[in-house]
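Protein chains in written order, with this note's numbering: chain S, 18 to 239; chain F, 6 to 824. Don't be surprised by glycine CBs; every beta carbon is placed ideally from N, CA and C.
What follows is the structure, encoded as structure tokens:
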């Protein structure tokens, strides 16, 4: 279970303080997928960053199975992020110098594991067996995003966070990506939180959370 | 015009990224300017001061008194329109109350100097019989001051003043002993003009009408044929010889700077490529909105070439200003008055450097500009050049580089060898670096950090490898120079061990051998010496032979001949047979014989102290040339020259503390005998080698500086993408320590990759040069060699820490915000 309790976050921009999140509360059970939607600048990415442990809230807590990871030291936080969390970015964020296979293996390498075989299986399952040795600049957008998905799954994380995973893709590819992502996520009970502008994609998740101007204004079960 | 304004507006935002190229061109131009300007100062000095340097329009010299009198000269010179000064030079032992020293004594008459002036304190006057002028270092070493007295044998001289410089003494710093000047009457009171002594007699003649000089020389040659005891030199010839040596030194340093030029070109090319990549979208928009391709290329070219020319001119001014300091320093060190001249040619070289680098850089990016449709630029796909485009680019680069080298070196073959050498060695180092990175990249099971770093280096392509290859090559040169210098000094210092002599003697007369031994308290080892010249080999005059073959120029000088009837323990016959005791036999040193082309059974004509002798080369011998042990190129049979006027050369070993006392006793007993301690020789040689090493090392150091600029530029340019990589690693769960190690290693590893082969190859190169060219037998890796690598690593580490710290302070959430 992932629980967000009374999250507040603001940024300083020059002399003015901008409140990005105000009193966000919700939780997500294992096996649930949640879509966060809202207009640009509503705080979606900031919320995702806090949930993924990439950002610290000004106030409030994020609990993973009842534990407040942000109170741990950097080593434990990093280990948690490596083993328990899988991140998928809108711009794919693949390492340009590494091949597709090496990109998928990167989180495992960071954790000190050799998961070459698993990485190859993931790429095969995502239809990329013939592109393992290609570097990101040699892959199409859809292929890059599939590599990013494989990378997010390599350590078999409990929590997957995706920031507009189809934002840079055409509609048809985007739909295919989401289908692939959801099928992998649902292969065992995991938490999936994704940000999207696309109502159709949001409709494929179990719940939709709408955010506007830093406030959670609606929560809907599908 | 509006296009230029628009491009300049865009360039205003990119100027910081051009700093690398600007610095590189400045440094390259400054280095070339320093070498050219300094050399041209020396050449102008040689050219305008030829008469002062030579001491006259015509100079007659010999190791015996020159047999020409005034009536003969009057008959040669019409209307007696000449002035003559007679001088002699020798080494003598002088002593004060406390110290003794060997002096380089110049004996003059009242006509001296014919040209130029003597610079002295107080104002110069011709010395009285009992007066001596002496150089400042002579006062210091004797522990005396103006007005004090020194003795040569039993004759005393009062110090009249200090000589700062003599017009006909080009290189005071490299004389063996301090300079001293006395009159002929003063010299006669010494009574040390012994037969066979090492004295050089000269008669310098000033000829008012320079058109008369060839005729006069022709007539003098009838009196003194070529190859005889008397040499005839024209002032212009001596100046030409000095100019030639200066030009050789200039070419050597310019050839060393070939790598600097290459790195300047590489830096500019890389910078331009990066700038264009950054400006691609802007250029695509410009093209989309209607600017033609040719306009884009033209405008870009104007800005790039204009910028390169400005940088080159700025660098030239900096170099020119720097060389003014160098010239002033050289002038004071050498006690001469060096002009500092405006040299148009060096401006042309600097301009050519700027234009060449700009043109090469533009050529390397032309294919992208020319072949890209605006739409493809918007999609940010970089177009890799085809193989033929690459070959065109390399061919063009090599051609332009050759033109630049040719203009700088003024010699086709030197330019060609400099180009082949630089490109060849650079390609070798590029291959080593490239191969290492590729091999490491393929290594699947190594630590993650290393694999990731090598993947990044591989991905950087030419830029990263260019920086590494450049730094490796420059460090190799610097380390080789440091290694040779350290080994040279160690070898020189080894001469001061117990088993080698530490005190040497010159000009011992035959009847002084016993008194020398009693003055020293030990029996020195003695060798007979007869000074002489080679006049011909196998019937061919030596002047003709030396003109046919540069290696034989060495045969024109004076040699020290000795005679023995047995081989010494350090010698071994490799061809022929040792003397059978007959007349006309000579044994020649093997290395010397090979160098100048003397073979067994050659017939050599010699002139020894005025006595002509013909000797057949009966043997070639190898000599074990230990430092500090004398050896002779020619060893004659005793029957040839035992009766000829000769002196003795000797050596011995005394406790170091006893040497000054022994020298003093000797100076009193026999002032004609010159004694010098090995430590003095070592000191002089060390000074020379240190000066040369400093000059060569500084030149190589410029290349290291450029390589570092290239590497640091690569680091700074990569800092933003490195921050992104660090944020990604942190987002994927890498601990802070691991990320720090990755970031730091990514910056430092390329330099370490450069240092390892640099030390290995530099050390090997230094060893080979030391062993086979300089005959060294002590090899030492000096501290300076380690400091070179350490300094470059420390500087890069500090910069890396600054960049890394900044990167680590960025939250991984920036990855989400950057979306």
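Within chain F, the residues that residue 26/S reaches when beta carbons sit closer than 9 Å = Looking up residue 26/S in the first chain gives position 9. In chain order: nothing, as chain F lies at least about 10 Å away.
From the DSSP output, which residues share a beta bridge with residue 180/S?
-> The sequence position of residue 180/S within the first chain is 163, counting from 1. Answer is 212/S.
Going straight from the alpha carbon of residue 91/F to that of residue 171/F, what length do you get?
-> In the second chain, residue 91/F corresponds to position 86, counting from 1. In the second chain, residue 171/F corresponds to position 166, counting from 1. Rounded to whole angstroms, the gap between the alpha carbons of residue 91/F and residue 171/F is 16 Å.
Exposure of residue 84/S, with buried meaning 16 or more beta-carbon neighbours within 10 Å = Position 67 of the first chain, counted from the first residue, corresponds to residue 84/S. Label assigned to residue 84/S: exposed.
Apart from the five residues on each side of it in sequence, which residues of its chain come closer than 6 Å, Cβ to Cβ, to residue 644/F?
-> Position 639 of the second chain, counting from 1, holds the residue named residue 644/F. So the qualifying residues of the chain are 588.
Residues near residue 191/F by beta carbon distance below 6 Å, same chain, minus five either side | Translated into positions along the second chain, residue 191/F becomes position 186. Contacts found: 134.
Can you list the residues of chain F that residue 269/S reaches, using a CB-CB cut of under 9 Å?
-> This structure does not reach residue 269/S, given that chain S is present from 18 up to 239, and the question cannot be answered.
Selection from 57/S, 59/S, 58/S and 78/S that minimises the alpha carbon distance to residue 67/S | In the first chain, the residue the question calls residue 67/S occupies position 50. When only C-alpha atoms are compared, the closest one is 78/S.
Who are the neighbours of residue 290/S on chain F, taking C-beta pairs under 8 Å?
-> Only positions 18 to 239 of chain S appear in the structure, and residue 290/S is not among them; the question remains open.
Please state if the CB of residue 756/F and the CB of residue 798/F are separated by a distance shorter than 7 Å.
-> Start at 1 with the first residue of the second chain, and residue 798/F comes out as number 793. Start at 1 with the first residue of the second chain, and residue 756/F comes out as number 751. Closer than 7 Å, so yes.
What's the gap between the Cα of residue 579/F and the Cα of residue 596/F?
-> Taking the first residue of the second chain as 1, we reach residue 579/F at position 574. Taking the first residue of the second chain as 1, we reach residue 596/F at position 591. Cα to Cα, residue 579/F sits roughly 11 Å from residue 596/F.
From the DSSP output, in three-state form, read off residue 661/F for me.
-> One-based indexing of the second chain puts residue 661/F at position 656. Secondary structure at residue 661/F: helix, using DSSP grouped into helix, strand and coil.
Using a beta-carbon distance below 7 Å, is residue 817/F in contact with chain S?
-> To locate residue 817/F, count along the second chain from 1; it is residue 812. Taking Cβ atoms only, chain S reaches closer than 7 Å to residue 817/F, which makes this a yes.
Local conformation of residue 505/F per DSSP, three classes = In the second chain, counting from the first residue as 1, residue 505/F sits at position 500. In this structure, residue 505/F counts as coil in the three-state DSSP scheme.
Is the shortest distance between the beta-carbon of residue 824/F and the beta-carbons of chain S less than 7 Å?
-> Here residue 824/F is taken as the residue at index 819 of the second chain, counted from 1. At residue 824/F the pLDDT is 40, less than 50, meaning the model places this residue with poor confidence; the figure from the coordinates comes in the next sentence. Chain S has a Cβ within less than 7 Å of the Cβ of residue 824/F.
Cβ shell of residue 178/F (< 7 Å), same chain only, five flanking positions each side left out | Indexing the second chain from 1 puts residue 178/F at position 173. Below a pLDDT of 50, predicted positions are generally treated as unreliable, and residue 178/F, at 46, falls in that range; the measurement from the model is reported next regardless. So the list reads 338 and 339, once near-sequence residues are dropped.
With 16 as the cutoff for other CB atoms within 10 Å, does residue 114/S come out buried or exposed?
-> What you label residue 114/S is simply residue 97 of the first chain in a count that begins at 1. Buried, because 16 or more other Cβ atoms sit within 10 Å of the Cβ of residue 114/S.
How about residue 759/F and residue 476/F: do their beta carbons lie closer than 7 Å?
-> By 1-based counting over the second chain, the position of residue 759/F is 754. By 1-based counting over the second chain, the position of residue 476/F is 471. Result yes, Cβ atoms of residue 759/F and residue 476/F sit closer than 7 Å.
With 7 Å set as the bound, which would you pick, yes or no: does the beta-carbon of residue 223/S sit closer than that to a beta-carbon of chain F?
-> Stepping through the first chain from its first residue, residue 223/S is reached at position 206. Closer than 7 Å: no.
Could you check the C-alpha separation between residue 138/F and residue 131/F for me, to the nearest Å?
-> Position 133 of the second chain, counted from the first residue, corresponds to residue 138/F. Position 126 of the second chain, counted from the first residue, corresponds to residue 131/F. Their Cα atoms are separated by approximately 9 Å.
So is the beta-carbon of residue 547/F under 6 Å away from any non-hydrogen atom of the ligand ATP?
-> No copy of the ligand ATP appears in this structure; indeed no ligand is present at all.
Length of the line joining the Cα atoms of residue 791/F and residue 761/F | Residue mapping note: residue 791/F aligns to position 786 of the second chain, counting from 1. Residue mapping note: residue 761/F aligns to position 756 of the second chain, counting from 1. Going by the C-alpha atoms only, they are around 12 Å apart.
Could you spell out the range, first to last residue, of the beta strand (DSSP E) harbouring residue 186/F?
-> One-based indexing of the second chain puts residue 186/F at position 181. From DSSP, the beta strand (DSSP E) with residue 186/F extends over 184-188.
Expressed to the nearest angstrom, what Euclidean distance is found between the alpha-carbon atoms of residue 562/F and residue 96/F?
-> By one-based count along the second chain, residue 562/F stands at place 557. By one-based count along the second chain, residue 96/F stands at place 91. C-alpha separation (whole angstroms): 19 Å.
Between residue 39/F and the rest of its own chain, which residues show a CB-CB distance below 6 Å, the 5 nearest in sequence each way excluded?
-> Here residue 39/F corresponds to residue number 34 of the second chain, with the count starting at 1. The answer, listed in chain order, is 324, 327 and 328.
Between residue 698/F and residue 486/F, is the Cβ-Cβ spacing less than 7 Å?
-> Locating residue 698/F in the second chain gives position 693, where the first residue counts as 1. Locating residue 486/F in the second chain gives position 481, where the first residue counts as 1. Between residue 698/F and residue 486/F, the gap from beta carbon to beta carbon is short of 7 Å.
Residues bridged to residue 78/S by DSSP?
-> For the purposes of this step, residue 78/S is identified with residue 61 of the first chain, where counting begins at 1. 22/S.
Are the segment 670-678 of chain F and the segment 635-644 of chain F touching, with three or more C-beta to C-beta distances below 8 Å?
-> no
Test: residue 281/F CB closer than 7 Å to a CB of chain S = Numbered from its first residue, the second chain carries residue 281/F at position 276. No, no contact with chain S.
Where residue 478/F and residue 431/F are concerned, what is the direct C-alpha to C-alpha distance, given to the nearest angstrom?
-> For the purposes of this step, residue 478/F is taken as residue 473 along the second chain, with counting starting at 1. For the purposes of this step, residue 431/F is taken as residue 426 along the second chain, with counting starting at 1. Approximately 7 Å, taken between the alpha carbons.
Contact list for the segment 112-126 of chain S against chain F, Cβ threshold 8 Å = 112, 113, 114, 115, 119, 123, 124 and 126
Run through DSSP, which three-state label would residue 211/F get?
-> Working through the second chain from its first residue, we reach residue 211/F at position 206. Strand.
Would you call the segment 409-418 of chain F and the segment 240-248 of chain F in contact, with 3 or more CB pairs under 8 Å?
-> Between the segment 409-418 of chain F and the segment 240-248 of chain F there are fewer than three C-beta pairs closer than 8 Å, too few to call the two in contact.
What separation, rounded to the nearest whole angstrom, lies between the Cα atoms of residue 176/F and residue 184/F?
-> Position 171 of the second chain holds residue 176/F. Position 179 of the second chain holds residue 184/F. At residue 176/F, the pLDDT of 46 sits below 50, so the modelled position is not reliable; the number obtained from the coordinates is stated separately. Using only the alpha carbons, I get a separation of about 11 Å.
Please go through the same chain and pick out, in chain order, the residues whose beta-carbon is closer than 6 Å to the beta-carbon of residue 29/S, but skip the five residues on each side of it.
-> To locate residue 29/S, count along the first chain from 1; it is residue 12. Closer than 6 Å at Cβ, skipping near neighbours: no residue.
Does the pairing of the segment 105-120 of chain F with the segment 45-61 of chain F give three or more beta-carbon distances under 8 Å?
-> Enough Cβ pairs lie closer than 8 Å, so yes.
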